[in-house]
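Residue numbers (UniProt numbering): 1 to 333. Yeah, the Cβ is synthetic: ideal placement off N, Cα and C, and Gly gets one too. Worksheet: one structure, shown below.
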């Protein structure tokens, strides 16, 4: 039996369904109040608990022979830092301790490209780039760097056999909780996007990430790391694609990095007091103006990783969002 944490997340739910289709015996570990209706009619083991609670994790890991650890908090808001650290680092610590207790060897850990050191601006980052919490920015990146270091250390001690995957910016269908980029796409469809940082980032389809994760899990090698990136794309082109796919002509104003930083602080305050979607935060500006490229050449060579175009991914995402929210609104009525 395999255990999947973070099963209801964007990557997690796609991974669960794909592995289920192959006949894998699956256990998911979810919060007590988690909505798992997306897994209706699927015969799976379900354990309720909190990744931060070591006893819950010990219970969830009992009797499994492989763990896919995806549970994490992604936040661009500074007041959520404590929870980000407790889930992202504490969760990994609890998983590693439980693996040691139950003598489980195989761990597939989904980290993030944000765990890598932010070396020279515009540089290409690959698996040999250092993983350093001191040289990355934001609670999310730092927490993922620390957690990744802990997994690597356990592997070097011979306690586990790890495969670590580093996705870039994940987009695609089946984004039930709406990730930050999912909210941007949904807001665009609703005519709510007026401004954007004039930046660049690498985006990858969730289905390609899942294919990479599964391929890595089957690899007969110990302690491997793979970047799962997609296409490096400017935000200007990103919205050009959205306009093309939807046959809209939304006029988006692109703001320079300097002005974006100034506006981002006001945007955070507006979000805090109005509870409306955040336009962008200082961390968003930082991420979109680092101009880093993330190489997936190793994954392409060893895992036969072959990510689809971002245009195709955006088209599928838009179709899914439109269909999902139409159905959701009908059910609500």
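Bridge pairing for residue 169: 203 [DSSP].
Taking each of 129, 287, 178 in turn and checking the Cα distance to residue 235, the smallest one comes out for 287. In the three-state DSSP reduction, residue 70 falls in the coil class, being neither helix nor strand.
Closest option to residue 197, judged by alpha-carbon separation, among 229, 237, 132: 237. The segment 197-210 and the segment 2-17 touch, with no fewer than 3 CB-CB distances between them shorter than 8 Å. The beta-carbon distance between residue 181 and residue 169, rounded to whole angstroms, is 6 Å. This is short enough to meet the 8 Å contact definition. Across the set 254, 86, 298, the C-alpha of 86 shows the shortest separation from the C-alpha of residue 143.
Rounded to whole angstroms, the separation of the alpha carbons of residue 241 and residue 311 is 6 Å.
Secondary structure at residue 82: helix, using DSSP grouped into helix, strand and coil. Annotation for residue 65: no alpha helix (DSSP H) segment contains it, and DSSP assigns it neither H nor E.
In this structure, residue 102 keeps its C-beta atom at 8 Å or more from the C-beta atom of residue 141.
Residue pairing by DSSP places residue 269 opposite no residue, since no beta bridge is assigned to it.
Secondary structure remark: continuous alpha helix (DSSP H) runs of at least 4 residues inside the segment 121-186, in chain order: 138-156. For residue 19, the closest of 31, 36, 43 by C-alpha to C-alpha distance is 43.
Measuring C-alpha to C-alpha distances from residue 54 to each of 266, 99, 23 identifies 99 as the nearest. Apart from sequence neighbours up to five positions away, the residues of its chain that approach residue 285 with a beta-carbon distance below 6 Å are 197, 260, 261, 264, ordered along the chain. For the 8 Å CB-CB criterion, residue 183 and residue 321 do not form a contact.
Judged by DSSP in its simplified three-state form, residue 53 adopts coil rather than helix or strand. Residue 203 and residue 293 have their C-alpha atoms some 11 Å from each other.
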